[in-house]
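K.L.:
My structure is below; once you've seen it, I'll send some questions.
In the UniProt record's numbering, the protein residues as written are 1 to 82.
Below, the structure is given as structure tokens:
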């Protein structure tokens with residue numbers, strides 16, 4: 001029973017991190033990425049506020065260090081967009 005619960009928590013964390021990674025890929029500041037993935041507009045508005053981007057940058061390294069290796073890869077892919 002505990003093993004199934006732990007496995008379920010791991011799967012849930014994986015889903016959340018994958019959704020976070022995809023959100024970052026689609027919505028990070030257009031001027032930092034060079035283009036907007038959704039419509040190709042490099043001058044479009046930022047989808048993530050600059051203060052939120054700074055918080056994400058500060059916290060993501062610790063999150064990566066505390067995550068399982070399989071989850072670290074997803075977080076690493078999110079960081080590669082900066």
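Idealized CB from N, CA, C, for every residue including glycine.
Can you tell me whether residue 4 is helix, strand or coil according to DSSP?
P.N.:
Position 4 of the chain shown, counting from 1, holds the residue named residue 4. Here residue 4 sits in helix by DSSP.
K.L.:
Do residue 72 and residue 17 have their C-beta atoms within less than 7 angstroms of each other?
P.N.:
Translated into positions along the chain shown, residue 72 becomes position 72. Translated into positions along the chain shown, residue 17 becomes position 17. It is not a contact, given that the beta carbons lie outside the stated cut-off.
K.L.:
So what does DSSP say about residue 23, is it helix, strand or coil?
P.N.:
Position 23 of the chain shown holds residue 23. Correct three-state label for residue 23: helix.
K.L.:
Where does the unbroken alpha helix (DSSP H) through residue 76 begin, and where does it stop?
P.N.:
On the chain shown, position 76 is the one that residue 76 refers to. Run containing residue 76: 69-79, per the alpha helix (DSSP H) assignment.
K.L.:
Give every residue of the same chain whose Cβ lies closer than 7 angstroms to the Cβ of residue 23, excluding the five residues on either side of it in the sequence, and list them in chain order.
P.N.:
Residue mapping note: residue 23 aligns to position 23 of the chain shown, counting from 1. Same-chain partners within the cutoff: there are none.
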